[in-house]
Amino acid sequence: MSPEKNAVDYSVSTAAPPHTSELTILRGTVPAALAGQRLDVVLARMFSDYSRTRLQGWLREARVRVDGVAAQPRAKVWGGEDIEIHAERDIETEALPQAIPLNIVFEDDALLVIDKPAGWVVHPGSGNRDGTLMNALLHAVPALADVPRAGIVHRLDKDTSGLLVVAKTIEAQANLVRQLQARSVKRDYLAIVCNATRAAGSVEAAIGRHPTQRTRMAVVQAGKPALTHFHRLEHAAHWSLVQCSLETGRTHQIRVHMAHVGHPLIGDPVYLPRHALRNLPPCARTFTRQALHATRLALRHPSSGEECAWHSPTPADMSALLTCLRHHERPAH
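In terms of my numbering, the sequence shown opens at residue 66 and continues consecutively.
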């Protein structure tokens, strides 16, 4: 259930065959309080456990009926109409369940919080059809086959370690997506970067595809707004340990933003220039992934509304890198 309660009782009901049903029927009666409004707006009010994007998709696919007739998104309703949505199962991948161990740090009826190791792909894709986090989730929780993207609502890059949340129901997924859109989900990362940073700062710069290298992201004028905050935890002349907090969730955001301000992540195979390592020891030159770890995740529980937070300790490879850097160059005080 969404933490926000509607002022009007919309008498919405859900009927679905048990377990692995292919069809969920959503029903409700339009209240007089919404008379004169467009159908797409009314659906968002009546079925608030589902995202606007999902409801609009069902409208486009003619899955919404008003008094038994397929409806148009911009049609107006006047109160008393019977709404029926044939919310067919919408699976965006053919990923198969695979028995791969998961490091589950929290689980209840609505959520899973996973501590992902570096080197693990989240979604199947070109060159990674199996062995992904999604494959593991479908084996651990078979009911996730009925949730789009197996309940995954945000990603971590393959070589970024740490916490991510998975929704176990469509309702929880819609709630978490709304929290992400409202920027109320707090995501803190540890990063080991080149050079001594300021004590604290923010990087606000739009991110989009690199204009010529399409596999890279870049700060570009036509990109999507992106905001990263950072706070220095430890530093020496040629490296820093920083905590980064995301306001937005663009692809490679921390990696791009920190490189943009002259502090590329040690080990980053894409955004780290070779010359940035010239004053660092061999352990920094041979570190095999971007030194980035999702250390803290905080959100409002989609069912109870309770504020929840989880922590993940610094992984062994980043701890070893820090030890090496400290030995090579004494941290500043």
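Cβ atoms here follow ideal geometry from the backbone N, Cα and C, with glycine treated the same way.
Remember, it's a predicted structure, so these values are computed and weren't measured experimentally.
Count the other C-beta atoms from every protein chain shown that fall within 10 angstroms of the C-beta of residue i, then say buried if there are 16 or more, exposed otherwise.
i    : result
E146 : buried
T262 : buried
N168 : exposed
Q355 : buried
D132 : exposed
E157 : With a pLDDT of 44 at E157, under the threshold of 50, the predicted position of this residue should be treated as unreliable, and no value is reported.
L387 : buried
E87  : Model confidence at E87 stands at a pLDDT of 47, short of 50, so the residue's coordinates are unreliable; what they give is reported in the following sentence. Counting Cβ neighbours within 10 Å, E87 comes out exposed, since fewer than 16 surround it.
P367 : buried
L161 : exposed
G227 : buried
A97  : exposed
L298 : exposed
V134 : exposed
H322 : buried
H340 : exposed
H300 : buried
S475 : Examination of residue 475 is not possible in this model, given that the chain is present from 66 through 398 alone.
K205 : Position check: residue 205 holds Ala in this sequence, whereas Lys was assumed. Per the 10 Å Cβ criterion, buried.
R315 : buried
R350 : exposed
A385 : exposed
R252 : buried
Locate the alpha helix (DSSP H) running through residue i, then write down its first and last residues.
i    : result
A201 : L198 to A205
G122 : R117 to R125
V422 : The question about residue 422 has no answer, for the chain in this structure spans 66 to 398.
A385 : A381 to H393
L104 : L104 to M111
Report back the beta-carbon spacing between residue i and residue j to the nearest angstrom; my notes put them in contact at under 8 Å.
i    : j    : result
L255 : Q318 : That belief does not hold up - the Cβ atoms of L255 and Q318 are roughly 15 Å apart, past 8 Å.
P334 : L390 : The Cβ separation is near 19 Å, so there is no contact.
R310 : V258 : The sequence as given places Ser at residue 310; Arg does not occur at that position. Rounded, the Cβ-Cβ distance is 15 Å, inconsistent with contact.
S116 : R243 : 7 Å
A201 : I148 : Not confirmed; about 37 Å, so no contact.
L120 : L241 : Not quite, the Cβ-Cβ distance comes to about 17 Å (not below 8 Å), so this is no contact.
L198 : K181 : 6 Å
T353 : G332 : 6 Å
E196 : Q163 : The sequence given here places Gly at residue 196; Glu does not occur at that position. Yes, they are in contact, since the Cβ atoms of G196 and Q163 sit about 7 Å apart, within 8 Å.
Using a Cβ-Cβ distance under 8 Å, would residue i count as near chain D?
i    : result
H303 : No chain D appears in this structure, which consists of one protein chain only.
Starting from residue i and walking both ways along the beta strand (DSSP E), at which residues does that stretch end?
i    : result
S267 : A265 to E269
S305 : W304 to L311
E236 : E236 -> not in any beta strand (DSSP E); alpha helix (DSSP H) instead, spanning I235 to Q246.
R252 : K251 to C259
L292 : L292 to H300
I169 : I169 to E172
I272 : I272 to R274
L228 : S226 to A232
V129 : V129 to V131
A283 : M282 to V284
Shorter than 7 Å, the distance from the beta carbon of residue i to the closest heavy atom of the ligand GDP, or not?
i    : result
I235 : Although the ligand GDP was asked about, the structure shown includes no ligands whatsoever.
Between the stretch 228-246 and the stretch 163-177, do three or more beta carbon pairs fall short of 8 Å? Contact between the stretch 228-246 and the stretch 163-177 is present, because at least three Cβ pairs lie under 8 Å.
The stretch 209-225 contacting the stretch 273-292, beta-carbon criterion three pairs below 8 Å: Two segments are said to touch when three or more pairs of C-beta atoms, one from each, lie closer than 8 Å; by this definition the stretch 209-225 does not touch the stretch 273-292.
Fully enclosed by the stretch 303-379, which alpha helix (DSSP H) runs are 4 residues long or longer? Counting only runs of 4 or more, we get 318-325 and 347-350.
Between the stretch 211-221 and the stretch 92-106, do at least 3 Cβ pairs fall closer than 8 Å? Two segments are said to touch when three or more pairs of C-beta atoms, one from each, lie closer than 8 Å; by this definition the stretch 211-221 does not touch the stretch 92-106.
Stretch pair the stretch 322-330 + the stretch 192-202: three plus CB contacts closer than 8 Å: Too few Cβ pairs lie closer than 8 Å, so no.
Would you say the stretch 101-115 touches the stretch 127-144, given that touching needs at least three Cβ pairs under 8 Å? The stretch 101-115 vs the stretch 127-144: in contact.
Cβ contact (3+ pairs, closer than 8 Å) linking the stretch 359-366 and the stretch 262-278: Between the stretch 359-366 and the stretch 262-278 there are fewer than three C-beta pairs closer than 8 Å, too few to call the two in contact.
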